[in-house]
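The sequence shown begins at 17 in this note's numbering and counts up by one. We put the CB at the ideal spot given by N, CA and C, even for glycine. A short worksheet on the structure shown next.
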Amino acid sequence: MADVVHDTASTPTPTPTPTPQRGASRTGRTRQVTPPPGCWPFQMQEDLAAAFAGEKTVEHFRKRCGKPGGYPKGRIPVGETRKYWLRAHLEAAIEARFGLADDEPVGGYF
17 MADVVHDTAS TPTPTPTPTP QRGASRTGRT RQVTPPPGCW PFQMQEDLAA AFAGEKTVEH
77 FRKRCGKPGG YPKGRIPVGE TRKYWLRAHL EAAIEARFGL ADDEPVGGYF
């Protein structure tokens, strides 16, 4: 039997593919995160907080923030530049608008 000789000079060396950075997809574009239907995140930016509150526009939501009977002001976490609203704070403001006490179950009136 003859020995098989492989020509290694003509075989191209594979180039390593760069590992994508955290938060980026393999194509280099970032992927948008969308919560599953019916799920609301613990903290929300202005547009999502307005949708959670049931406001028609972000501007309507913004007008009611920080006012009596309205919604809480958004907070800027340490090291961040964007405002966030906590779901629990929005829920408390909405429940107060409808006169629900803390010990009453939500949905008890429906």
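The DSSP-derived three-state label of L102 is strand. Cβ contact annotation for L106 (same chain, cutoff 8 Å, sequence separation greater than five): M60, A65, F68, A69, Y87 and P88, in chain order. If the five residues before and after G85 are omitted, its C-beta is found closer than 7 Å to the C-beta atoms of R113, all from its own chain and listed in chain order. For W56, same chain residues with a beta-carbon under 7 Å away, outside a window of 5 residues either side, are F68 and R103 in chain order. Assigned with DSSP and collapsed to three states, R91 falls in strand.
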